[in-house]
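**Q** Have a look at this one.
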Amino acid sequence: MLSRLSLLTDPMIAVLLIATILGILIPASGEARGTAQVVSNAAIFVLFLINGMRIARAEIARGFANWRFFVLLFLWVFGVMPLIGLGMAGVAGTLLPPVVALGFLYLGTLPSTVQSATSYTSLAGGNVALSVVGAALINIAGVFVTAPLFAVLAGSDVAQISSDTIVRIGLILILPFVIGQALQGWTIHWLKERKSQVVWLDRIVIGIAVYVAFSGAVEQGLTTMFGAASWTALVGLVIVYLFMGTGGAWIGGGVLRLPRGERIAFLFAGAQKSVAIGAPLATILFPAHIAGFVIAPLLLYHLLQLMIAAPLANLLTRD
551 MLSRLSLLTD
561 PMIAVLLIAT
571 ILGILIPASG
581 EARGTAQVVS
591 NAAIFVLFLI
601 NGMRIARAEI
611 ARGFANWRFF
621 VLLFLWVFGV
631 MPLIGLGMAG
641 VAGTLLPPVV
651 ALGFLYLGTL
661 PSTVQSATSY
671 TSLAGGNVAL
681 SVVGAALINI
691 AGVFVTAPLF
701 AVLAGSDVAQ
711 ISSDTIVRIG
721 LILILPFVIG
731 QALQGWTIHW
741 LKERKSQVVW
751 LDRIVIGIAV
761 YVAFSGAVEQ
771 GLTTMFGAAS
781 WTALVGLVIV
791 YLFMGTGGAW
801 IGGGVLRLPR
811 GERIAFLFAG
821 AQKSVAIGAP
831 LATILFPAHI
841 AGFVIAPLLL
851 YHLLQLMIAA
861 PLANLLTRD
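Laid out in structure tokens, this is it:
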């Protein structure tokens, strides 16, 4: 099972790499970029419609029943991690372009993964049911929380959420999710029977969003802005952030005296960040020429969190 969860066998990694390479080598520019953005927005709408259909309302109710775990997880994901991200953005601002440094704060405000966090919680012998529900609820909350939280922490001089942005978030993210929740009584079993196809829909939509974001960044000089020193600094800072998030979530679970199963669920749901929310939201929240720079820390974080998650889960099974 460990090999199935390894970095090299995760199809999402291939999708992200392909989308990034295409964005750099064959960027959508001019009128083509406008068309690509429309396609991306339509795909994101479908993705969040499916998300609304497949997250059962009964699971949401069960999550609120264990309110203590959910509240603690919420405070960690949308309280502690954004503050760490804010500090990392300050450090990164002395080493990297400002829009890339801003990406550390954006990364910090994102919700948890669902599938990955649940898989590694299961592998480590944690509370899987709690992980599924907790991560799902955090993802739902992220649709509403991430954008305003990022704007508050970044400051009005850096991040402004205009009325047009609010409308786009409402129409492309929130509306389809609400529609999906309303329709799930007729669709949830149909989706469960086609789980493998739905997973690929997730990957393709994320890939499109990453491609659009990097196309805009390439037009603004992404390939010439970064030298070896900048890449080294970016990777190093992401590694520091990942270890602070992971180590902090594990230590925090111990300080809060969570039972071992819950502590493991808290670790993976609290430290892992969702590219499934982050990449699509970035293409809505930021102008096309900025989004690619902002998500650079997120993409690296996603790759690195998968690199350490499987060995970490394996280590926890031996304790």
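Reminder that position 141 of the sequence shown reads as 691 in the numbering used here, one-by-one numbering, no gaps. Beta carbons are placed, not taken as given, at the ideal position from N, Cα and C, and that holds for glycine.
#1: Taking contact to mean at least 3 C-beta pairs separated by less than 8 Å, is the region 797–807 in contact with the region 666–676?
#2: As a quick exercise: from Ile600, Thr737, Ser672, Ile690, pick the residue whose alpha carbon is nearest that of Gly828.
#3: Decide if the region 805–817 is in contact with the region 636–651; the criterion is three or more beta carbon pairs, one per stretch, under 8 Å apart.
#4: With 16 as the cutoff for other CB atoms within 10 Å, does Lys529 come out buried or exposed?
#5: Report the three-state DSSP secondary structure of Ile576 (helix, strand or coil).
#6: Compare the beta carbon distance of Gly730 and Leu831 with 8 Å and say whether it is the shorter of the two.
#7: Around the Cβ of Pro861, are there at least 16 other Cβ atoms within 10 angstroms (buried) or fewer (exposed)?
#8: Do Phe727 and Asn591 have their beta-carbon atoms positioned less than 8 Å apart in this structure?
#9: Do Gly658 and Ile634 have their C-beta atoms closer together than 8 Å?
#10: Which residue wins for smallest C-alpha separation from Val678, given the options Met857, Phe843, Thr867, Ile814?
#11: Is the Cβ-Cβ distance between Phe700 and Leu655 less than 8 Å?
#12: Would you kindly work out how many angstroms separate the C-alpha atoms of Asn864 and Ala674, rounded to a whole number?
#13: Select from Val588, Met638, Leu817, Trp736 the residue whose C-alpha is nearest the C-alpha of Leu848.
#14: Determine the contact status of Gly766 and Ala838, defining contact as a CB-CB distance below 8 Å.
#15: Using only the alpha-carbon positions, how far apart do Trp626 and Val785 sit?
#16: What number of angstroms, rounded off, separates the C-alpha of Val755 from the C-alpha of Ile563?
#17: Where does Leu808 sit, in a helix, a strand or coil, going by DSSP?
#18: Suppose contacts are defined by Cβ-Cβ distances below 8 Å. Is Ile722 in contact with Ala697 by that definition?
#19: How about Leu819 and Gly795: are their beta carbons less than 8 Å apart?
#20: Alpha carbon to alpha carbon, how far is Thr585 from Ile576? Give it in angstroms, no decimals.
#21: Does DSSP put Thr663 in a helix, in a strand, or in coil?
#22: Output the distance between the C-alpha atoms of Phe843 and Thr833, rounded to the nearest integer angstrom.
#23: Helix, strand or coil for Pro837 per DSSP?
#24: State the DSSP-derived secondary structure class of Lys823, mapped to helix, strand or coil.
#25: Among Gln734, Pro561, Ile845, Leu622, which has the Cα closest to the Cα of Phe816?
#26: Express the C-alpha separation of Phe628 and Val695 in angstroms, rounding to a whole number.
#27: Closest to Arg618 by CA distance: which of Leu792, Glu812, Met603 is it?
#28: Where do the ends of the alpha helix (DSSP H) carrying Asn616 lie?
#29: Would the C-beta of Val641 count as close to the ligand PLP, meaning under 7 Å from any of its heavy atoms?
#30: Distance check for Asn616 and Asp737, CA to CA, integer angstroms please.
#31: Are the CB atoms of Ile688 and Phe595 nearer to each other than 8 Å?
**A** On the basis of the data shown:
#1: By the criterion of at least three beta-carbon pairs nearer than 8 Å, the region 797–807 is not in contact with the region 666–676.
#2: Each of Ile600, Thr737, Ser672, Ile690 was checked against the Cα of Gly828, and the nearest Cα belongs to Ile690.
#3: Fewer than three pairs of CB atoms, one per stretch, sit closer than 8 Å, so the region 805–817 makes no contact with the region 636–651.
#4: Within the shown structure, residues of the chain are numbered from 551 to 869, placing residue 529 beyond reach of any answer.
#5: Residue state, collapsed to three classes: coil.
#6: No; because the gap between Cβ atoms is not below 8 Å, this pair is not in contact.
#7: Under this definition Pro861 is an exposed residue.
#8: In terms of Cβ geometry, Asn591 and Phe727 do not form a close pair [threshold 8 Å].
#9: Contact: yes.
#10: Comparing C-alpha distances from Val678 to each of Met857, Phe843, Thr867, Ile814 shows the shortest one belongs to Ile814.
#11: Result yes, Cβ atoms of Phe700 and Leu655 sit closer than 8 Å.
#12: Cα to Cα, the separation comes out at about 6 Å.
#13: If we check each option's Cα against that of Leu848, Met638 comes out closest.
#14: Yes, Cβ-Cβ distance for Gly766 and Ala838 is below 8 Å.
#15: Their backbone Cα atoms lie some 23 Å apart in a straight line.
#16: Taking C-alpha positions only, Val755 is separated from Ile563 by approximately 14 Å.
#17: Three-state DSSP puts Leu808 in coil, outside helix and strand.
#18: Against a cut-off of 8 Å, the Cβ pair of Ala697 and Ile722 comes out as no contact.
#19: It is worth fixing the name first, because residue 819 is Ala in this sequence and not Leu. Pairing Ala819 with Gly795 gives a Cβ-Cβ distance that is not under 8 Å.
#20: Taking the CA atoms as reference points, Ile576 sits about 15 Å from Thr585.
#21: Residue state, collapsed to three classes: coil.
#22: If you take the alpha carbons of Phe843 and Thr833, they lie about 11 Å apart.
#23: Pro837 falls in the coil class under three-state DSSP.
#24: Note: Lys823 maps to coil in three-state DSSP.
#25: Closest option to Phe816, judged by alpha-carbon separation, among Gln734, Pro561, Ile845, Leu622: Leu622.
#26: If you take the alpha carbons of Val695 and Phe628, they lie about 8 Å apart.
#27: Ranked by Cα distance from Arg618, the first of Leu792, Glu812, Met603 is Glu812.
#28: Run containing Asn616: none; DSSP gives neither H nor E here.
#29: Although the ligand PLP was asked about, the structure shown includes no ligands whatsoever.
#30: Residue identity differs from the one stated: residue 737 is Thr in this sequence, not Asp. Cα-Cα distance, rounded: 27 Å.
#31: For the 8 Å CB-CB criterion, Ile688 and Phe595 do not form a contact.
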